[in-house]
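K.L.:
Under the working numbering, the first residue of the sequence shown is numbered 27, with each subsequent residue one higher.
Below is a structure I'd like to ask you about.
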Amino acid sequence: MAEDLRLLGEIETRRAAVNATLKKGGTADALKLALRDAPLASTSPDVKAANALVVSAAALAVREGELGAVAHSLDPDEADVLLKYVYRALSTPSDKAAAWLRWHAALVERAGPGAIMRVITEVGHTA
Numbered sequence: 027m028a029e030d031l032r033l034l035g036e037i038e039t040r041r042a043a044v045n046a047t048l049k050k051g052g053t054a055d056a057l058k059l060a061l062r063d064a065p066l067a068s069t070s071p072d073v074k075a076a077n078a079l080v081v082s083a084a085a086l087a088v089r090e091g092e093l094g095a096v097a098h099s100l101d102p103d104e105a106d107v108l109l110k111y112v113y114r115a116l117s118t119p120s121d122k123a124a125a126w127l128r129w130h131a132a133l134v135e136r137a138g139p140g141a142i143m144r145v146i147t148e149v150g151h152t153a
């Protein structure tokens, strides 16, 4: 419980930093901030959901024409983490599914098909 509160505090701090960066037009930087220290090992649904909202806000702020460049600006670990959030987003019905599918294509182009295997086979570290 204390760990969850600590993580939720970190996520709130990260959310504020992401929003400030987005307001300045730094979508790539905002996305990198959102992905930093993602609580993938947490078992708390609240923690996972809170961080997913931060990552979603940053990822969906990227314009379609910038997707490829932003995806290529991610390091391999960041690309894998974002792919976890893409799969999380696609697991529930949403009017943003097309945007998430575009992200999926850009990330697979960036990181290769091995990224899919790394993401779906990693146990205990989900978005």
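We put the CB at the ideal spot given by N, CA and C, even for glycine.
The alpha helix (DSSP H) with Arg128 in it runs from where to where?
P.N.:
Per DSSP, Arg128 belongs to the alpha helix (DSSP H) from 123-137.
K.L.:
CB Arg41 to CB Ala83, shorter than 9 Å?
P.N.:
Going by C-beta atoms, Arg41 is nearer than 9 Å to Ala83.
K.L.:
Using 9 Å as the threshold, is the C-beta distance between Val80 and Ala67 below it?
P.N.:
Contact: no.
K.L.:
Taking the C-alpha atoms as reference points, what is the distance between Val112 and Asp101?
P.N.:
If you take the alpha carbons of Val112 and Asp101, they lie about 16 Å apart.
K.L.:
For Leu48 and Thr152, what's the separation of their Cα atoms in angstroms?
P.N.:
Going by the C-alpha atoms only, they are around 25 Å apart.
K.L.:
What residue from Glu29, Leu127, Trp129, Ser120 has the CA that sits closest to Asp72's CA?
P.N.:
The candidate whose alpha carbon is nearest that of Asp72 is Glu29.
K.L.:
Among the residues of its own chain, which have a CB less than 6 Å from the CB of Ser70, if the five just before and after it don't count?
P.N.:
Within the same chain, Ser70 has close Cβ partners Asp30.
K.L.:
Starting from the C-beta of Thr53, find all residues in its chain whose C-beta is less than 6 Å away, skip the five residues before and the five after it, and write them out in chain order.
P.N.:
Closer than 6 Å at the Cβ level, and outside the excluded window around Thr53, lie Ala87, Val88.
K.L.:
Helix or strand or just coil, what does DSSP make of Met143?
P.N.:
Note: Met143 maps to helix in three-state DSSP.
K.L.:
Do you know how far the Cα of Thr39 is from the Cα of Ser117?
P.N.:
If I take the Cα positions, the gap works out to 27 Å.
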